[in-house]
Amino acid sequence: MPLRIRLSRGGAKKRPYYRIVVADSRMPRDGRFIEKIGSYDPMLPKDDEKRIQFDSERVKHWLGMGAQPSDRVARFLGQAGVIATPTIREQTKKNQPRAKTQERMREEEERRKAAEEEAKAAAAEPAAEEPAAEEAPAEETPAEA
């Protein structure tokens, strides 16, 4: 019987509350479980000690019996120091735009940067001419005196 340490959702609509349970992996998420070993309340602030609570002795017992924690529970256990912190997997690229769209976005970005550089160059040229224009009247004034 493959055991999992996972979250079981409770609470009202838009007010989640999770129990950390040991369950058979073939059972539904909110279905039958073997033992409740903790709780997780995502509505509490992150620094609140009541946000994640679990019995570390029971967790170690079930891990010794061969139970595998889910990704989220493994992260909780890693933060608490019960197990080694799991590595965060790289996200898939399915949410990114397709290749042609990315190419168009890059071209648009290059055009925008070129326009900004031209604007900076145009702004720098008149600024360079202005000091020369200011110096010329300053030289003429002492010559007149």
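Quick note on my numbering: the sequence shown kicks off at 157 and runs consecutively. Heads up, the beta-carbon is just placed ideally off N, CA and C, and yes, glycines get one too. Predicted, not measured: the structure shown is a model, and the values here were computed from it.
According to DSSP, what are the bridge partners of Q247? Taking the sequence shown and counting its residues from 1, the one referred to as residue 247 is at position 91. None, per the DSSP bridge assignment.
Distance, Cα to Cα, M254 vs D211? Walking along the sequence shown from the start, residue 254 turns up at place 98. Walking along the sequence shown from the start, residue 211 turns up at place 55. Correcting the residue type first, residue 254 is Arg in the shown sequence and not Met. If I take the Cα positions, the gap works out to 46 Å.
Count the other CB atoms within 10 Å of the CB of I244; is the residue buried (16 or more) or exposed (fewer)? Sequence index remark: in the sequence shown, residue 244 carries index 88 (1-based). I244 is exposed by the Cβ-count criterion.
Taking A236 as part of the alpha helix (DSSP H), name the residues at either end of that continuous run. The residue you call residue 236 lines up with position 80 of the sequence shown. First-last of the alpha helix (DSSP H) with A236: D227 to A236.
Are the region 256-265 and the region 232-240 in contact at 8 Å, needing three or more beta carbon pairs? Segments in contact, no.
As a quick exercise: from R171, E281, P172 and V178, pick the residue whose alpha carbon is nearest that of P225. Position 69 of the sequence shown, counted from the start, is the residue given in the question as residue 225. Between P225 and the set R171, E281, P172 and V178, the nearest pair of CA atoms involves V178.
Give me the residue from Y196, A280 and R160 with the minimum Cα distance to P184. Working through the sequence shown from its first residue, we reach residue 184 at position 28. Ranking the options by Cα distance to P184, first place goes to R160.
What's the call for G165, buried or exposed, on a 16-neighbour Cβ count within 10 Å? Here residue 165 refers to the residue found at position 9 of the sequence shown. Residue identity differs from the one stated: residue 165 is Arg in this sequence, not Gly. Looking at its Cβ environment, which holds fewer than 16 other Cβ atoms inside 10 Å, R165 is exposed.
State the start and end residues of the unbroken beta strand (DSSP E) segment that holds S164. On the sequence shown, position 8 is the one that residue 164 refers to. Here the beta strand (DSSP E) through S164 covers L159 to A168.
Three-state secondary structure (DSSP) of Q258: Within the sequence shown, numbered from 1, the residue matching residue 258 stands at position 102. Helix at Q258.
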